[in-house]
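So the sequence lines, in the order shown, correspond to chains B and D.
Residue numbers for the first sequence follow this note's numbering, so the first one is 37 and each next one is one higher.
Residue numbers for the second sequence follow this note's numbering, so the first one is 1140 and each next one is one higher.
For glycine and all other residues, C-beta sits at the position ideal for the given N, C-alpha and C.
A short write-up of the structure that comes next.
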Amino acid sequence: MNQTPEVQNPGAEVTPCWSCKGPVAGRALFCSTCGAIQGPGNLDHFTRLGLPRRFAVEQAELDRQYFGFQRRLHPDRFATRSPREKALSQVQATALNEAYNTLKDPLKRAAYLLRLSGRKVDVESAGTIDDPQLLMESMEMREALAEADSVEEVSRHLSEAEANIADSHKDLAAAFAADDLDEAGRLVTRLKYLGKLADEARQRRAKLAAMK
Amino acid sequence: MLLQIHEPGETPLPHADERGLAVGIDLGTTNSVVAIALDGSPAVLRNAEGSGLVPSVVAYSEDGSVVVGKEASKQLLDRPETVVSSVKRLMGRGAGDVKALAGTLPFVLDEAAEGGMVRLKVAGRSLTPVEVSADILRALKAKAEESLDGTVGRAVITVPAYFDDAARSATKDAAKLAGIEVLRLVNEPTAAALAYGLDNAAEGLYAVYDLGGGTFDISLLRMEKGVFQVLATGGDAALGGDDFDHEVAEYFLAERARELGEAQITPDEAKQALMTARLAKECLSSRDSGEWVIEVDGRQSRHVLDRNGFEALIAAEVDRTIELCRNVLEDAGVQPQDVHGVVLVGGSTRVPLVRRRVAEFFGKEPLADINPDEVVAVGAALQAEALTVGSDTLLLDVTPLSLGIETMGGIVEKVIPRNTPIPVAMAQEFTTYQDGQSAMAIHVLQGEREMADQNRSLARFELHGIPPMTAGAARIRVTFAVDADGLLTVSAEETTTGVEQHVAVKPSYGLTDDEMAQMLRDSMEHAREDMETRLLAEARVEARRAVLAVRSALDADQDLLSDDERTAIHAAMNGVEEAVAGVDRDAISAAVEALDGATRSFAERRMDRGIRSALAGVSVDRLENKVEGRD
Ligand SMILES: [Zn+2]
C-alpha cells in the first residue's frame, strides 16, 4: 500500500505469538517456540527483503532474497493450514510483493529512498516540472515524437529515450552514492517523464505497425 | 544454504488426508481432464479405452438424472434441447454479455430469468452456468473416486489466465456446489509451465501459448530452479478452437444453402454443420484435403475443403493470437528472440497453421512433447500435491487485467495495474465532489480501456456515513486486495474520521449468498455432508495446531510452572485430543477454549521472561538468528 513507511529499530520489540502466546521478536517470520507464522510487522522494504538500504541493488540478489522469503511465506505453503495461518501468509506475501515491486524498478526505488529520507515524491501522478531545463528537454522530445510518423522514426526516438533512461539510472546511483538528494530528486522527475515518453513511443509504434 | 524443505510452521499435519485425496482438474471448454500426482509423479486418470478426456458436455433428462461426458455428447444429435456444451464460455457472464454473443453459442437462454447471472433453458429446467459446471465437476469427482478407490475432497482447478474475477468466482462456486474444496485456482498456462518445467528442468524465459476450445492465453514466465515466475500474461477469454469450427461451419452452411436452395438454416442444421466442421478441422490437421456430407431430414449436401482453404478461413483468428503474443512481450519488455522456448497447450494447437505462425513469430520450433490436451491437468495435479504434502517449488502469478474504479466523467482510475504479482493489496485515495456529501458510490471495474463502460463491471457499492465536509476535504481510501486465487476484495474508508466499510466484492454477475445457500440445499444430500465434514476437518486442524503450540511452549518454558499447573495444562490438552477424536465440532471448540484458559497465566509469565531477556539483549538475537537464516 502507498503509505509512508515508518522506520523502526528492527527487532527491538517483543510481541506475544498469536499461537503459543509466548514472546516473539518484532521482525520474526516464525515463532521460535511453536513455529507459527507471524504477521508482517511494519518494516521498510529493504529490511523486509534483507537488503542494505541503498540505491545500488543487484537484480539477481533482489530476486534471490525475494524468492527465498516467498518460498517460506507464500500462501501455497499454507494451503492446508488453519484460516488464521492462511490469512497471515497472505498478508506476508502481499508485503513481500509490495517490497519487491518497489525495489526492482529503479525509479520507484529512488522515490522510495527519497521518501524514507523525508522528501515528498509522487511517482504515480504526472505532476509539474518546475526545473526549466528539464521542462525544455521534455517539451522538445515530446514535439519530436509527435512529428514522427513512421515506425523507424518512432523507434529512433524510443531508443533515444531508453538511452537517456539508462544514463539517468547511472546518474541516480552516483547522486545517491554522493548523498546528493537534491540531484536525486531532479533525476527522479526526469526519469518520470522519460518513462512516460517511452511508453507513448511504444504505443505509437504499435499503432503505426498495426496500420501497415 | 539452509537445506530445510519444511519450515517449522509448515510440516504437513498428520491425518491431513482425512479431507480426501487431492487431484488436479482441468475444467475445459470442450474437454475436462483429471490427474493425480503421488510422490512427484503425475498420472492422468483414464477410462477403459485409455482416454483421459471427458467431454465437458452435460445431458439432463426430464426425470432429473444427469449424464456427463461421452454419453452426453451422443445425445447432442438426438435430443439437443437436453444437452449443454461449452458452458465455460458463460462462466461469470451476465445476460447482457451473452446477448452480444447471440447466435454463436449453442445455448437456449432463459429470457425470463431474473438477477444478473445468465440462465439456460434445458430439459424444462432453468440452470445457471455454475450449476452446469458443478454437474461436470461432480461427475469428474465420482469418476476419480472410482478409479482411485478413495474419497476425492480437494482439488487444484485450473482457469484461463485471462479469466476475470466474475468467472473465477463462478468456478469456485461450482466446486463448492460439487462438494470439492478448492485448494487453489491456478492459471492454465502456469500449470502447463509447471508440468513442463519440472519434467524438463527448463531454465530461462518461456512462453506458454494456450489455445483451448473457447479461450486463448499467452503467458511469459521466467523459470529457474523450482521458481515459476509469471512476468506477463494476456489473452482473450472468448477466442478459441471453437471459433475455427464456427468459421468452417458457416462456410459449409453457406455452401449447403446454395446447393439446396435453402433460405433458412434450422438449428439442427447448424448443430450438424458444427459437428462436421469439427471433424474437418481434425482431419485437415493431418491430411491435405477431405470431403464431408451433411445430412439433415434426409437432405444431403457435399462439402470439399483442403488445407489451404481451411487456413484461409481461420487466418484472422490465428493472427489475433499472434497479436496478443506481441502485446505480452511488449508488456514484459522482451524481444521474441529472448524467449528460450515456447510451450504449446490446448488441443487447438494441433492445427498446423497455428504451429507455423507461432514458430515464425518466436523464431523457433514450439515444444509439444507433453500431450497438449493433458499438460494443464498434469501441472494442476503436481500443484495439488505440492499444496497438500509440501514442496520446494514456487509459483508466482500475476493479475491478468487491471483493476480500477470509475471516477468523474466515467473515466477509470486504475488501482492495480495488470501483471502485478499476487497476492497484492493496493490503495488509492479519492475525495468527495460536493459540499456535505455523505455517501460515495464505488464502481469496481476490470479491464484496460479508459472509459468505465468499455470495461467489465465487477461490483458496485456505497460508502455511507461520510461526515459533512466541504467538497474535496474527505479522504476516501479504497483498498483492493487480490488473493492467491486471483479473487478480489475491496474495502473503503474515510481516513480523516475512520468511517469504514469492508466489502467482499460479490461480482454483479455472480451468485448471491442466498442463491448459493439455496443451491447447496437443492443439490444432492451429500454436498451438505461434505460441507459438514470440511468444517469438522477445519476445527480439527485448528485444535491440533493449538495442542502443538502448547506442547512447544512447555518444551521451552515448563520451568515457569508448578507441578499442579503442569498437570492442569496436560489435562486440558488431553481434553482437546479426546474431542478431536470425536465428531462434535462444538465440543472441539469448547476444549480448545478450555486449553486457552488453562494456559493463560503461563503465557503471561513467558511474555514477562521474553521481554526481560530482550531488554538484556540476549533472547532477541537468538530469535533473529534463527528466523533470518536464508535459503
Ligand atoms: Zn508461538
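Could you list which residues in chain D have their beta carbon closer than 8 Å to that of residue i, in chain order?
| i | result |
| --- | --- |
| residue 55 (chain B) | 1684, 1685, 1688 |
| residue 52 (chain B) | 1742, 1746 |
| residue 130 (chain B) | 1562, 1563, 1564, 1620 |
| residue 126 (chain B) | 1562, 1622, 1623 |
Along chain B, which residues have their Cβ under 8 Å away from the Cβ of residue i?
| i | result |
| --- | --- |
| residue 1560 (chain D) | 133, 136, 137 |
| residue 1165 (chain D) | Here the premise fails: no neighbours, minimum Cβ distance about 19 Å. |
| residue 1711 (chain D) | Simply none; closest approach about 14 Å. |
| residue 1264 (chain D) | Correct list: empty, because the minimum Cβ distance to chain B is about 35 Å. |
| residue 1526 (chain D) | 112, 115, 116 |
| residue 1692 (chain D) | 56, 57, 58, 69, 70 |
| residue 1680 (chain D) | 116, 117, 118 |
Chain D partners of residue i, CB-CB under 9 Å?
| i | result |
| --- | --- |
| residue 110 (chain B) | 1533, 1534, 1535, 1562, 1623 |
Could you tell me which chain D residues have their CB closer than 7 Å to the CB of residue i, listed as they occur along the chain?
| i | result |
| --- | --- |
| residue 83 (chain B) | None at all; the shortest Cβ gap to chain D is about 11 Å. |
Enumerate in chain order the residues of its own chain whose CB-to-CB distance from residue i is below 7 Å, with the five nearest sequence positions on each side excluded.
| i | result |
| --- | --- |
| residue 1284 (chain D) | 1290, 1291 |
| residue 66 (chain B) | 72, 73, 74 |
| residue 86 (chain B) | 101 |
| residue 162 (chain B) | Residue confidence for residue 162 (chain B) is low, a pLDDT of 48 falling below 50, so the modelled location carries little weight and cannot support an answer. |
| residue 1755 (chain D) | none |
| residue 1556 (chain D) | 1541 |
| residue 205 (chain B) | 142 |
| residue 1384 (chain D) | 1413, 1416, 1417, 1420 |
| residue 1274 (chain D) | 1197, 1205, 1207 |
| residue 153 (chain B) | 217 |
Along chain B, in chain order, which residues have C-beta atoms closer than 9 Å to that of residue i?
| i | result |
| --- | --- |
| residue 1696 (chain D) | 58, 69 |
| residue 1366 (chain D) | 99, 103, 106, 107 |
| residue 1738 (chain D) | 56, 57 |
Could you round the C-beta distance between residue i and residue j to whole angstroms and report it? I think they count as a contact, below 8 Å.
| i | j | result |
| --- | --- | --- |
| residue 1627 (chain D) | residue 1615 (chain D) | The pair is not a contact, with the Cβ atoms about 18 Å apart (cut-off 8 Å). |
| residue 1317 (chain D) | residue 1277 (chain D) | 4 Å |
| residue 1371 (chain D) | residue 1347 (chain D) | Not quite, the Cβ-Cβ distance comes to about 11 Å (not below 8 Å), so this is no contact. |
| residue 1522 (chain D) | residue 1222 (chain D) | Not confirmed; about 32 Å, so no contact. |
| residue 1494 (chain D) | residue 1505 (chain D) | 6 Å |
| residue 1199 (chain D) | residue 1237 (chain D) | About 19 Å; that fails the 8 Å criterion. |
| residue 1744 (chain D) | residue 1678 (chain D) | The Cβ separation is near 29 Å, so there is no contact. |
Less than 8 Å between C-beta atoms, sequence neighbours within five positions excluded: which residues of the same chain meet that for residue i?
| i | result |
| --- | --- |
| residue 155 (chain B) | 217, 221 |
| residue 126 (chain B) | 111 |
| residue 1664 (chain D) | Residue placement at residue 1664 (chain D) cannot be trusted, given a pLDDT of 49 that sits under 50; the coordinates are not used to answer. |
| residue 167 (chain B) | 222, 225 |
| residue 1216 (chain D) | 1410, 1411, 1414 |
| residue 1269 (chain D) | 1230, 1256, 1309, 1312, 1313, 1316, 1650, 1658 |
Along chain B, which residues have their Cβ under 7 Å away from the Cβ of residue i?
| i | result |
| --- | --- |
| residue 1749 (chain D) | 50, 58, 59 |
Can you give me the Cβ contacts of residue i inside the same chain, cut-off strictly under 6 Å, excluding the 5 residues immediately before and after it?
| i | result |
| --- | --- |
| residue 1513 (chain D) | 1172, 1183, 1191 |
| residue 1441 (chain D) | 1432 |
| residue 1266 (chain D) | 1259 |
| residue 1358 (chain D) | 1300, 1328, 1347, 1369, 1372 |
| residue 49 (chain B) | 62 |
| residue 1311 (chain D) | 1321 |
| residue 1404 (chain D) | 1392 |
With distances taken from each beta carbon to the nearest heavy atom of ligand 1, which residues come in below 5 Å, in chain order? B:53, B:55, B:56, B:67, B:69, B:70, B:72
Near-chain D residues of the region 183-201 of chain B - C-beta to any C-beta below 7 Å: none
Check each residue of the region 222-245 of chain B: if its Cβ is closer than 8 Å to any Cβ of chain D, include it; give the result in chain order. 238, 242
Given a limit of 8 Å on CB to CB distance, which residues of the region 1284-1300 of chain D reach chain B? none
Using a Cβ-Cβ cut-off of less than 7 Å, list which residues of the region 1468-1489 of chain D approach chain B; keep chain order. 1469
Pull out every residue of the region 1159-1184 of chain D whose Cβ sits closer than 7 Å to any Cβ of chain B, in chain order. none
Near-chain B residues of the region 1334-1356 of chain D (beta-carbon distance less than 8 Å), N- to C-terminal order: none
Determine which residues of the region 1307-1326 of chain D have a Cβ less than 9 Å from any Cβ of chain B, and write them out in chain order. 1322, 1323
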